[in-house]
Each structure stands twice: as structure tokens, then as C-alpha cells.
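Visitor:
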Amino acid sequence: MPKFLLVRSLEALVALWVITLIVFGLTHLSGNPVGALLPDDASQEQIDFLIARLGLDQPLPVQYWRFLTNALQGDFGQSMKWPGESAMQVVLTRMPATLQLGGTAMLISIVIAIPLGVVAAARRGSWVDSTAQAIALVGQSMPSFWLGIILIWVLSVWLGWFPTSGAGSLWHLVLPAVSIAWFQISALTRLTRSAMLEVMDAEYIKLARAKGVSEVKITWKHALRNAAIVPLTYFGVLAGSVLTGSVVIETVFSWPGLGWIAIEAIKARDFPVVQSVVIVFAVIFILANLLVDLLYAYVDPRIR
Numbered sequence: 003m004p005k006f007l008l009v010r011s012l013e014a015l016v017a018l019w020v021i022t023l024i025v026f027g028l029t030h031l032s033g034n035p036v037g038a039l040l041p042d043d044a045s046q047e048q049i050d051f052l053i054a055r056l057g058l059d060q061p062l063p064v065q066y067w068r069f070l071t072n073a074l075q076g077d078f079g080q081s082m083k084w085p086g087e088s089a090m091q092v093v094l095t096r097m098p099a100t101l102q103l104g105g106t107a108m109l110i111s112i113v114i115a116i117p118l119g120v121v122a123a124a125r126r127g128s129w130v131d132s133t134a135q136a137i138a139l140v141g142q143s144m145p146s147f148w149l150g151i152i153l154i155w156v157l158s159v160w161l162g163w164f165p166t167s168g169a170g171s172l173w174h175l176v177l178p179a180v181s182i183a184w185f186q187i188s189a190l191t192r193l194t195r196s197a198m199l200e201v202m203d204a205e206y207i208k209l210a211r212a213k214g215v216s217e218v219k220i221t222w223k224h225a226l227r228n229a230a231i232v233p234l235t236y237f238g239v240l241a242g243s244v245l246t247g248s249v250v251i252e253t254v255f256s257w258p259g260l261g262w263i264a265i266e267a268i269k270a271r272d273f274p275v276v277q278s279v280v281i282v283f284a285v286i287f288i289l290a291n292l293l294v295d296l297l298y299a300y301v302d303p304r305i306r
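Start counting the sequence shown at 3; every next residue gets the next number (the working numbering).
(1) Using the beta-carbon count (16 or more within 10 Å), is T191 buried or exposed?
(2) Round the Cβ separation of R143 and P274 to the nearest angstrom and send it over; I've been treating them as touching at under 8 Å.
(3) Looking at I251 and S181, is the spacing between their C-beta atoms short of 8 Å?
(4) Rounded to the nearest angstrom, what separates L149 and R271 at their Cα positions?
(5) For I292, which residues of its own chain have a beta-carbon under 8 Å away from its beta-carbon, when the five flanking residues on both sides are left out?
(6) Could you check whether A17 and A99 sit closer than 8 Å to each other, using their CB atoms as the reference points?
(7) Tell whether a beta-carbon distance below 8 Å holds between R138 and S188.
(8) With a threshold of 6 Å on Cβ separation, who are the neighbours of T166 within its own chain once the five nearest residues in sequence on each side are excluded?
(9) So the candidates are F185, V25 and L103; which of them puts its Cα closest to the Cα of V239?
(10) Compare the C-alpha of A284 against each of W257, G259 and A241 and name the closest.
(11) Could you check if V244 is buried or exposed, using at least 16 other CB atoms within 10 Å of its CB as the buried criterion?
(12) When you compare each of A123, M108, R211 and A89 to V279 by their alpha carbons, which one comes out closest?
(13) Taking 8 Å as the cut-off, decide whether the C-beta atoms of Q277 and V25 are in contact.
Okay, structure coming up:
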């Protein structure tokens with residue numbers, strides 16, 4: 003197990019390093035941010051001074067090394083759009099909102115999808131199974147942002163049950179969390195159902211039935227425990243999907259999280275904030291997948 007943990011940790015560090023290269027390269031391909039920071043009538047001397055101050059006149063390897071060493075200390079520079087705040091301060095102040103939204107969406111996905119997939123597999127061919135498959139099909143065919151707009155129109159504008167945008171209460175959280183969770187519920191339900199169907203045909207399940215073990219115990223104790231490996235591997239993907247989905251959903255619902263400030267920073271060419279947001283998203287995604295690998299090894303010792 004220690005060797006397995008060491009290998010996975012090294013792979014995570016390499017992945018994070020590659021991401022820093024990609025982030026650094028893409029942000030510099032988008033153009034010089036100096037034009038967004040100075041007025042249109044700025045003199046060439048002012049432009050040259052700001053370029054030198056930001057270190058943009060140095061070779062790219064030097065700029066990347068400075069970016070990497072500062073990033074290891076959590077220093078991504080000062081925000082260009084939010085004066086007086088460092089890029090990491092901007093990110094950290096908005097992170098709780100994104101974690102709240104993403105955590106709620108993941109909780110909704112797991113609480114609904116796992117039981118639904120298990121019941122659908124246990125009652126294969128019944129109306130429950132057909133309903134679960136229909137929900138999965140519709141959910142995976144429906145973009146989250148489109149669902150969010152429909153929910154706003156029906157439940158907020160028409161019925162007036164929920165706020166249309168913003169944050170501040172649990173009522174503000176419901177619609178964006180459901181919008182993100184809907185697609186994940188569909189995917190996780192199908193995965194759970196498929197894994198359960200494969201396990202339910204195993205010899206030890208037939209033996210348990212022959213011994214008179216109740217179907218409830220067979221389904222929820224024996225079958226689910228062995229089928230859990232497949233949904234478990236999806237949780238890392240689920241974390242990434244929730245994070246990427248939150249960027250669009252936060253914009254639709256004006257949710258003050260990392261996704262919303264990422265869009266604002268991109269429009270303002272605020273490189274430090276964009277880099278901070280992407281790196282934070284990458285760290286969360288990598289840690290989630292590392293945790294999944296560890297849980298996977300715990301559930302199935304053969305992986306070690």
C-alpha cells in the first residue's frame with residue numbers, strides 16, 4: 003500500500019506540473035494584458051513601463067520559472083480586475099460558494115443515483131427499471147445550462163418558488179445544484195445499474211439465493227459491495243464534471259463562485275486570476291482522483 007500511494011502521488015505531481023505548463027502557455031497565447039490595463043491614449047513609454055513591471059519583456063522560460071516558483075508559494079500575483087486583492091485572495095474568497103454548490107450537487111447525485119441504479123437492477127424489466135433508464139437517457143441528452151434556464155423560467159419566473167439568481171440562502175442553492183446534478187444522476191444511475199446486473203449473475207449470488215438469504219440482504223449487502231467498484235471509479239470524473247459544469251451554471255444563476263469570476267477574469271484578461279482558478283480546479287480534481295484510487299485499492303486489494 004505505501005508503494006501504491008507513492009506511485010499515485012508522484013503521478014499526481016507530474017499531472018499538476020503538466021497543467022501548469024498548459025495554463026501558462028494558454029494564458030500567454032490569448033494576448034498581451036497590458037492593453038486591458040491602460041487607457042487607449044496611453045503612451046509607448048507607459049506601455050513599456052508596465053510590460054517591464056509585469057515581467058512580460060523577459061524570455062518565456064524565465065517567466066514560467068517565476069510563475070512556477072511563485073505558484074508553489076500560493077502567489078499568482080495581483081489581480082488586474084480586482085485592484086488591491088491578490089489573485090489567490092480573489093479565488094479563496096469565492097471558493098466556499100463553489101464548494102458549497104459542487105458538494106451539494108455531488109450529494110444529490112449520489113443519494114439519488116446509487117439507490118435508483120440498485121433498485122433498477124434488482125427489478126430488471128419492471129416499471130422501475132424502465133423509469134430509471136428513461137431518466138438516464140433524458141438526463142444525458144439535456145445540457146445543464148439549458149436545464150438551468152428552464153428551471154428558472156418554470157420554478158422561479160412562472161411559479162415563483164425559488165429565487166432567479168444570486169446567493170444568500172438555501173433556496174438560492176436548489177436550482178443551480180439540481181442543474182449540475184441532473185446529468186451526473188443519469189450517468190451514475192446507468193453505471194450502477196450495469197455494475198449491479200453483472201454482479202447479480204455471479205455464482206456467489208446464486209449460491210446465496212440457494213441458501214435462502216433474503217433478496218434485500220443479497221442486493222444491498224453482497225451485490226452492492228462488489229458492484230461499488232465501478233461507480234467508485236466514476237467519482238473522480240464526477241468531481242471534475244461538477245467543477246467544469248459549475249463554470250456555466252454559476253454564470254446562468256449569477257452564483258458568486260470560482261466559475262463566475264473565471265469568466266469575468268477571462269473577459270478582462272486577468273491572467274493571474276485565470277491561472278489561479280484553473281490551478282485550484284486542477285488541484286481539486288487531482289486530489290479527488292487520488293482519493294478514488296486509494297478507495298479503489300481499499301475495496302479491491304488486487305489493485306495494490
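Backbone N, C-alpha and C define an ideal beta-carbon position, used for all residues, glycine too.
Guide: Reading from the atomic positions:
(1) Looking at its Cβ environment, which holds 16 or more other Cβ atoms inside 10 Å, T191 is buried.
(2) Inspection of the sequence shows that residue 143 is occupied by Ser rather than by Arg. Actually they do not touch by this definition, with Cβ atoms about 38 Å apart.
(3) Yes, the Cβ-Cβ distance between S181 and I251 is below 8 Å.
(4) Between L149 and R271, the C-alpha separation is close to 29 Å.
(5) The question names Ile, but residue 292 is Leu in the sequence shown. Cβ within range, chain order: R10, S11 and A14.
(6) Taking C-beta atoms as the reference points, A99 and A17 fail to come closer than 8 Å.
(7) The sequence as given places Ala at residue 138; Arg does not occur at that position. Yes, they are a contact pair.
(8) Here the set comprises I154 and S158.
(9) It is F185 whose Cα lies nearest to the Cα of V239.
(10) Distances from the CA of A284 to each of W257, G259 and A241 were compared; the closest alpha carbon is that of A241.
(11) Around the beta carbon of V244, 16 or more other beta carbons sit within 10 angstroms, so the residue counts as buried.
(12) With distances taken between Cα atoms, V279 lies closest to A89.
(13) A distance below 8 Å separates the beta carbons of Q277 and V25.
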